[in-house]
Every structure is written in C-alpha cells, then in structure tokens.
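Reminder that position 206 of the sequence shown reads as 206 in the numbering used here, one-by-one numbering, no gaps.
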Amino acid sequence: MKREPEEQEARPAPLAADLHKWYAANHRVLPWRGITDAYRIWISEIVLQQTRVAQGFEYYNRFISRFPDVRSLAAADDDEVMKLWQGLGYYSRARNLLTAARQVVERFGGEFPTTYEGIRSLQGIGDYTAAAIASFAYGLPHAVVDGNVYRVLSRVYGIDTPIDTTEGKKLFAALADELLDRCDPGGYNQALMEFGALHCVPRSPRCGECIFAGRCVALATRRVEELPVKQGRTVVKPRYFNYFYVCRGSDTWIRRREGRDIWRNLYELPLIETTEEQPLELLQQGEAWNELFRGAGRVSVSSQVYGCKHILSHRVIHARFYVVEPADTPAMPGYVKIPVERLGDYAVSRLTEGFLEQLAENYPSLF
Ligand code: SF4
Numbered sequence: 001m002k003r004e005p006e007e008q009e010a011r012p013a014p015l016a017a018d019l020h021k022w023y024a025a026n027h028r029v030l031p032w033r034g035i036t037d038a039y040r041i042w043i044s045e046i047v048l049q050q051t052r053v054a055q056g057f058e059y060y061n062r063f064i065s066r067f068p069d070v071r072s073l074a075a076a077d078d079d080e081v082m083k084l085w086q087g088l089g090y091y092s093r094a095r096n097l098l099t100a101a102r103q104v105v106e107r108f109g110g111e112f113p114t115t116y117e118g119i120r121s122l123q124g125i126g127d128y129t130a131a132a133i134a135s136f137a138y139g140l141p142h143a144v145v146d147g148n149v150y151r152v153l154s155r156v157y158g159i160d161t162p163i164d165t166t167e168g169k170k171l172f173a174a175l176a177d178e179l180l181d182r183c184d185p186g187g188y189n190q191a192l193m194e195f196g197a198l199h200c201v202p203r204s205p206r207c208g209e210c211i212f213a214g215r216c217v218a219l220a221t222r223r224v225e226e227l228p229v230k231q232g233r234t235v236v237k238p239r240y241f242n243y244f245y246v247c248r249g250s251d252t253w254i255r256r257r258e259g260r261d262i263w264r265n266l267y268e269l270p271l272i273e274t275t276e277e278q279p280l281e282l283l284q285q286g287e288a289w290n291e292l293f294r295g296a297g298r299v300s301v302s303s304q305v306y307g308c309k310h311i312l313s314h315r316v317i318h319a320r321f322y323v324v325e326p327a328d329t330p331a332m333p334g335y336v337k338i339p340v341e342r343l344g345d346y347a348v349s350r351l352t353e354g355f356l357e358q359l360a361e362n363y364p365s366l367f
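Here you go:
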C-alpha cells in the first residue's frame, strides 16, 4: 500500500529506486503478495518463519481455506489447529496464532488492529512481524529487519558488527529505518527482503550482475562471504527419548505434552526420557517402566523398530521406538487409551509421524 503524498516525509531513500525496479522484474508471485488483508499477511508471516516458501505455501493455503478470517480462527478448537500445523515444526507459532486471534476478538472487537502498537501487542508478534503487517497492509512507515535484510545491509554498507548482539540489532534497526522508502514502505520492505532471498543470498550471491555492485562495500573490500557477522553459537543439548507404541487389542495410549517444553500441546506415545542412551534391558529394570506397565502382566517387547537422531534448533533428540504388547491393561498414568484407528486424528511431532509411517509400512497388522 502506497502512502498519500501529503503523508510522505522528505527523506532520501538511497536504495529504493533500484530495489523497486529490481523487484518489479524479479519477484516471485505468491498468494500473500500484493494483498492488504492484515489477517492473511499475518498468517503468511507466521507460517514462513523458519519455513521454506515451498513448504509454507501448502500450509498457508490449507490454513486460510479452513480459517478464512480472524474470527473463525479465534473460535477454532486447539487440537484442530495443532493438527493443521503438524509437520511444520516450531509449534509455539500455532499456539500463539490461536491466542492472538482470541485477543483480536476480545480486545479489538474482531477487527485486526490497524496501528503498529496494536499489532505488536498481540501474542507471538515481534518487531519484525509487526513491521511487516503494518507496512504491507496499511502502508505504515516501519522497516522490517529479518535475516535477508541483515545480510543485504551488512554487505552493501560493509558493517561487521555482529547481528546477534544488542548493539548490532540496534544499529541495523536504525539503519533500516533511515533507509526506508516512506512513500512506499510496504513495497520497499518486500523488495529488500526478496532481493536478499533471491539475489544477495548467503552463499555465492550474484555480485557480477548486481544493482548495488557499484556501491557495495563488501564487494569492493572482498568481504562478501564474511558478512553478516554472527557472534554466538547456539548450544545444542542432547536428549534421549524412548517411546513405546503400546498395543493391546485395538487400543493404544497417548498423552498431550504440557509444560514449558518442546512440542507443547502435541500428542505423544508413552515416553521414558533418560539422561543418556540406555538399552531396553536397562529401561525395563527402571522405576519409570514399572510405573507405566504396572498391572500389564507378561509383556512382549519388540526390539527397537525405529530409531533416529531428530534435530531441532536447540536440541538433538536421540529417539528409539519400541512396540509393546502387554497381556493385561497397563496402568499408564497420565496417558489416555484410544482406539488405534483414531491415532491419526491427533497432532504429533514430525518424529512420531515418521515412526507411525514406518510402522504402517512394515507392520500393517498393528494398525
Ligand atoms: S554486490 Fe554482491 S554482496 Fe553486494 S549487494 Fe550485490 S549480491 Fe550482495
């Protein structure tokens, strides 16, 4: 959305003309582009966080056709939203979407807020998303700063302040704001991000045919591959999950994950988490096993039927899955018994989904 001339401020926007021209010739056509519906823009931005466009595309379309507006999302069943999100990861996004949709209904009468502050006040919406919605939907002069913007600006201006420090964040936010095209903030923001996503890419950017080649400091000083600079490394913590697909007649057991941990609100099979890898024999001697399988009588346990290393942003899950067939009904405290045929109705992590697919393929009789 472009702003009216009387609203415009007379500030130069040094990159704008080249970026707009480049965008007109090169941008991808996507369903959330060129629209001013704040709700749809919001959904697209949340879906695309940490997700490739090709994958996000499918989820966005599914989400919008099921929940076409903020009121329908606010009225949704939590489990249904989690199920629609299944496979996309970073499930806090889905939980926040629901909370924010309900906030829009409760605090804004069901109308998506039209100010930056109003948008920013919603659950799960940070500076970047608020600026994107405010500028794309309402033409408000807020600069977006995402990974693409950090990369382009750090290279064009040759800035080596680490982007993951407070100082770096402040510096880039101020620079992005200074460079913003106040005549067309939404179009400019889209163009800058698209340029970073398609042209000034992390590896092997196309400097030879670049609109900024004549003024790019990184290119002139041969620092393209070094920029942007990041200071910290994420500490990745290993976790050891031993899952049990418990099958008795046509029943199995699951529970909903609660608390402040990964996969909150997703469902999972009976789990014993250990501090290091443990063989099945050792697990069967432990207290957690006794609690789960109290009253189960004789149990037959398959050897591990599925195992993998599942990588999340801050965790590596070393997972093992076993099939357990007890003679009697086990205690399973905290888990609910459901018919096996209903398992597909519950949202599960990508890890568990992988196991269930494998099981259906190799052990169809267990379904
Ligand atoms: S010259 Fe290279 S590094 Fe500089 S903006 Fe263009 S593509 Fe990016």
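The C-beta atom is built at its ideal place from N, Cα and C for all residues, glycine as well.
query, result
"In the DSSP assignment, find the beta strand (DSSP E) that holds asparagine 242 and state where it starts and stops.", "237-246"
"Taking aspartate 177 as part of the alpha helix (DSSP H), name the residues at either end of that continuous run.", "166-179"
"Is it buried or exposed for arginine 182, if we count other Cβ within 10 angstroms and need 16 for buried?", "buried"
"Identify whether threonine 99 lies in helix, strand or coil by the three-state DSSP scheme.", "helix"
"So, using beta-carbon positions, are valine 348 and glutamate 276 closer together than 8 Å?", "no"
"Is any heavy atom of ligand 1 found at a distance shorter than 7 Å from the C-beta of arginine 206?", "yes"
"I'd like to know if the segment 236-246 and the segment 316-329 are in contact, where contact means that at least 3 CB-CB pairs between them fall below 8 Å.", "yes"
"Quick one: residues in its chain with C-beta nearer than 6 Å to the C-beta of alanine 132, no 5 flanking neighbours on either side, listed in chain order?", "Glu45, Val144"
"I need the DSSP call for histidine 20, collapsed to helix, strand or coil.", "helix"
"Measuring alpha carbon to alpha carbon, tell me which residue in Gly334, Leu351, Asn290, Ala137 is nearest tyrosine 90.", "Leu351"
"Whose CA, out of Arg342, Pro333, Arg294, lies closest to the CA of alanine 327?", "Arg294"
"Which of the three DSSP states is assigned to threonine 115 in this structure?", "coil"
"Between Gly139, Asp77, Tyr59, Pro162, which lies nearest to glycine 87 when the distance is taken from Cα to Cα?", "Tyr59"
"What does a CB cutoff of less than 7 Å around glutamine 8 pick up in its chain, not counting 5 residues either side in sequence?", "Any answer about glutamine 8 is weak, because its pLDDT of 46 lies below 50 and its placement is not dependable; what the coordinates show is given next. Arg182, Cys183, listed in sequence order."
"Short of 8 Å in beta carbon distance, which residues of its chain neighbour serine 303, apart from the five on each side in sequence? Order them along the chain.", "Leu280, Tyr322"
"Is it buried or exposed, glutamate 4, if we count other Cβ atoms within 10 angstroms and call 16 or more buried?", "Unreliable placement is indicated for glutamate 4, whose pLDDT of 48 sits below 50; the coordinate value is still reported in the next sentence. Classification of glutamate 4: exposed, given that the 10 Å Cβ count is below 16."
"Quick one: any contact between the segment 91-110 and the segment 63-83, if contact means 3 or more CB pairs under 8 Å?", "yes"
"Does the beta-carbon of alanine 218, which I'm using as the reference point, lie nearer than 7 Å to any heavy atom of ligand 1?", "yes"
"Leaving out five residues on either side along the sequence, give the residues of the same chain with a beta carbon under 8 Å from the beta carbon of leucine 175.", "Leu153, Tyr157, Ile159"
"Helix, strand or coil for serine 204, going by three-state DSSP, please let me know.", "coil"
"Taking the alpha carbon of serine 313 as the point to measure from, which residue in Leu171, Thr51, Gly126, Ala191 has its own alpha carbon closest?", "Thr51"
"Is any heavy atom in ligand 1 found nearer than 7 Å to the beta carbon of alanine 213?", "yes"
"Have a look at proline 228 and leucine 171 and give me their C-alpha separation to the nearest angstrom.", "13 Å"
"From glycine 354 to alanine 360, what distance separates their C-alpha atoms?", "10 Å"
"With DSSP as the reference, label tryptophan 253 as helix, strand or coil.", "strand"
"Taking serine 349 as part of the beta strand (DSSP E), name the residues at either end of that continuous run.", "Here serine 349 belongs to no beta strand (DSSP E), and DSSP marks it neither H nor E."
"Given this structure, state the Cα-to-Cα distance separating valine 236 from isoleucine 311, to the nearest angstrom.", "9 Å"
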